[in-house]
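Some notes on the structure that comes next.
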Amino acid sequence: MGKAYVIGVGSTKFDKPRGLRDYPELGLEAAVKALQDAGVTYDAIETAACGYVYGDSTCGQRVLYQLGMTGIPIINVNNNCSTGSSAFVTAVNSILAGQAECALALGFEKMNPGSLSSPWKDREGPINGTNKQMVEIEASKQYPTKEFGPGAGQIFAAAGLEYGEKYGAKPIHMAKISAKNHAHSAKNPYSQFTFVPTPEEVLNARKITRDLTLPMCSPTSDGGAAAVVASEAFVKKHNLQDRAIEVAGFGVATDSSQLYEAHSRIELAGADMTRRASKIAYKQAGVSPQDIQVVELHDCFAPNELITYDGLGLCPPGQAHLLVDAGDNTYGGKYVVNPSGGLESKGHPLGATGLGMIFYLTLQLRNEAGKMQVPNVKNAMAHNLGLGGSAVVTILRRPAFYKKGTSATDRFGYNPALECRRITDGDLAKVRAKEFSDYVKPSIARL
Numbered sequence: 010m011g012k013a014y015v016i017g018v019g020s021t022k023f024d025k026p027r028g029l030r031d032y033p034e035l036g037l038e039a040a041v042k043a044l045q046d047a048g049v050t051y052d053a054i055e056t057a058a059c060g061y062v063y064g065d066s067t068c069g070q071r072v073l074y075q076l077g078m079t080g081i082p083i084i085n086v087n088n089n090c091s092t093g094s095s096a097f098v099t100a101v102n103s104i105l106a107g108q109a110e111c112a113l114a115l116g117f118e119k120m121n122p123g124s125l126s127s128p129w130k131d132r133e134g135p136i137n138g139t140n141k142q143m144v145e146i147e148a149s150k151q152y153p154t155k156e157f158g159p160g161a162g163q164i165f166a167a168a169g170l171e172y173g174e175k176y177g178a179k180p181i182h183m184a185k186i187s188a189k190n191h192a193h194s195a196k197n198p199y200s201q202f203t204f205v206p207t208p209e210e211v212l213n214a215r216k217i218t219r220d221l222t223l224p225m226c227s228p229t230s231d232g233g234a235a236a237v238v239a240s241e242a243f244v245k246k247h248n249l250q251d252r253a254i255e256v257a258g259f260g261v262a263t264d265s266s267q268l269y270e271a272h273s274r275i276e277l278a279g280a281d282m283t284r285r286a287s288k289i290a291y292k293q294a295g296v297s298p299q300d301i302q303v304v305e306l307h308d309c310f311a312p313n314e315l316i317t318y319d320g321l322g323l324c325p326p327g328q329a330h331l332l333v334d335a336g337d338n339t340y341g342g343k344y345v346v347n348p349s350g351g352l353e354s355k356g357h358p359l360g361a362t363g364l365g366m367i368f369y370l371t372l373q374l375r376n377e378a379g380k381m382q383v384p385n386v387k388n389a390m391a392h393n394l395g396l397g398g399s400a401v402v403t404i405l406r407r408p409a410f411y412k413k414g415t416s417a418t419d420r421f422g423y424n425p426a427l428e429c430r431r432i433t434d435g436d437l438a439k440v441r442a443k444e445f446s447d448y449v450k451p452s453i454a455r456l
């Protein structure tokens, strides 16, 4: 089997939902930037996978028709919070299967303010089993304060609480994780938040659930992110060795019976999916957790980052809080986890989140991450999780044929790791396909 390579990445700023930008504009900006980065036009794209959670039927086509009417297959993907990575894997698999030489993965989301809710009121919810067991476990405990707040927050908070009960982790460890991510986010021009609280300020912030404060929770966000992936033959034919990053391994997992049979709040948060997906990814890439330098991890809530250290094998079971205390999750430590700021601070537009991870890790491996850069990155890992459930773990690395060449500043006319700009009509014109229709009016956010 051949290999697949990321040759172009792009992202919008992840921002607070205010209804100022519609999804065709968000998706177009991300896709145009990824094509600019790759140095190809939309004519080169042979298939596309588009991820979003809150949207109607063929939103992917609505976005990409702005780039051209080329007749390619466009697959729309919805896999809860792992949607972006699921779209990425779909595009990668088209390359590995020999169905395409160049493919586009795109994720975008336009969200409503406030905690997540379903627009469907007349049908069964996909995680009702998880919610039911959460209620049963909570009722069996004798906690002095009754749980409250959004359902997703309750699930991940309960996982962190169980981790503390079993292994000795304390609320301060979740607060340290949150403060670390917010500190990282201050270096990221694409982030929704750039304030830097101390762990004590995190602990004393407004409660969202019984055990979570506001800075421990990812915000609803609008945004888009994209990646162009290609075969080795395409990379070499177009002399793109200076930007190609190898997809060394990836694992995709859904829930096993462990989800319910273990009667564990840690398992209700998807820990088993993470364990199994990471094992597949490590095996494919031929590496171990000790070979990873940087991780973009699905910290939808701070406790999930804590329990995921175990799931990814970044520490021995039950020692995640010791990794936090040692500072082995930030610059100068064993790993740098969420140098982008993570979901808690960077933002969490569901369909774009997983592809945002690919965007940041590609910059890291090219040594183009600006103030976010981690020294000497050889292997980078993305972890994207959706309850209900799906987990995607991806390992990226520089290929042996990688060479220095054009910089991101050369390709964009500015440094995209230091500045987030919106696209212009000129940017669109450079990458738009020859075949397009005037009936599709592009949504352009001008400078």
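If you count the sequence shown from 1, you need to add 9 to reach the working numbering. Glycine included, every Cβ here is placed at the ideal spot set by N, Cα and C.
Chain-order list of residues whose beta-carbon lies under 7 Å from that of residue i (same chain, five-residue window excluded)
i: E241; result: G11, K12, Y14
i: V386; result: Q302, V303, Q373, L374
i: A109; result: E55, T56, S103
i: L437; result: V41, P451, I453
i: L456; result: Bear in mind that a pLDDT of 35 at L456, under 50, signals an unreliable position, so the number given afterwards is only what the model happens to contain. So the qualifying residues of the chain are R430, R431, T433.
i: E276; result: Q267, L268
Terminal residues of the beta strand (DSSP E) in which residue i lies
i: T207; result: Here T207 belongs to no beta strand (DSSP E), and DSSP marks it neither H nor E.
i: I3; result: Nothing can be reported for residue 3: it is not among the residues displayed for the chain, which extend from 10 to 456.
In DSSP terms, what residue i is bridged to
i: H229; result: Looking at the sequence shown, residue 229 is not His but Thr. Partner(s): H357.
i: V333; result: In DSSP, V333 forms no bridge with anything.
i: F310; result: C226
i: L394; result: A400
i: Y411; result: Beta-bridge pairing links Y411 to no other residue.
i: A13; result: S240
i: R406; result: E255, N388
i: A235; result: G19, L115
i: K380; result: Beta-bridge pairing links K380 to no other residue.
i: A442; result: None, per the DSSP bridge assignment.
i: V346; result: V304
i: K189; result: According to DSSP, K189 bridges with nothing at all.
i: V261; result: V401
Beta carbon proximity, residue i to chain D, threshold 7 Å
i: P82; result: The displayed structure is made up of one protein chain only, and chain D is not part of it.
Limits of the unbroken alpha helix (DSSP H) element including residue i
i: L44; result: 32 to 47
i: C68; result: 68 to 73
i: F243; result: 241 to 246
i: T56; result: No alpha helix (DSSP H) holds T56; the beta strand (DSSP E) holding it covers 56 to 60.
i: E145; result: 137 to 149
i: N102; result: 92 to 105
Status (buried if at least 16 other CB within 10 Å, exposed otherwise) for residue i
i: P325; result: exposed
i: T21; result: buried
i: P128; result: exposed
i: S91; result: buried
i: P82; result: exposed
i: L364; result: buried
i: V312; result: Looking at the sequence itself, residue 312 is Pro, so the reference to Val does not match. It is buried - the Cβ of P312 has at least 16 other Cβ atoms within 10 Å.
i: D308; result: buried
i: G36; result: buried
i: R132; result: exposed
i: N388; result: buried
i: T154; result: exposed
i: Y172; result: buried
i: T67; result: exposed
i: N338; result: buried
i: N213; result: exposed
i: K196; result: buried
i: S399; result: buried
i: G169; result: buried
i: T29; result: It should be noted that the sequence gives Leu, not Thr, for residue 29. Classification for L29: exposed.
i: D447; result: exposed
i: F410; result: exposed
i: Y152; result: exposed
i: N137; result: exposed
Same chain, Cβ closer than 6 Å to residue i, five either side skipped, listed in chain order
i: N190; result: N347, G350, G351, E353, S354
i: P425; result: A417
i: S124; result: P159
i: D319; result: P326, A329
i: P135; result: G397
Assumed close pair residue i, residue j - CB separation to whole angstroms, cut-off 8 Å
i: A162; j: L249; result: Looking at the sequence itself, residue 162 is Gly, so the reference to Ala does not match. So it is not a contact: roughly 42 Å between Cβ atoms.
i: I54; j: L113; result: 5 Å
i: E255; j: P408; result: 4 Å
i: G336; j: G327; result: About 19 Å separates the two Cβ atoms, so there is no contact after all.
i: V72; j: C59; result: 7 Å
i: G258; j: Q293; result: 3 Å
i: M282; j: L394; result: 7 Å
i: M120; j: S230; result: 6 Å
i: A290; j: V383; result: So it is not a contact: roughly 19 Å between Cβ atoms.
i: G360; j: V62; result: 5 Å
i: F445; j: G69; result: In fact, because the Cβ distance is near 16 Å, the residues do not count as touching under 8 Å.
Distance cut-off 6 Å: residue i Cβ against heavy atoms of the ligand MG
i: L315; result: In terms of ligand content, the structure shown is empty, and the ligand MG therefore cannot be addressed.
Contacting residues, own chain, Cβ-Cβ under 8 Å from residue i (five flanking each side not counted)
i: D31; result: K119, S452
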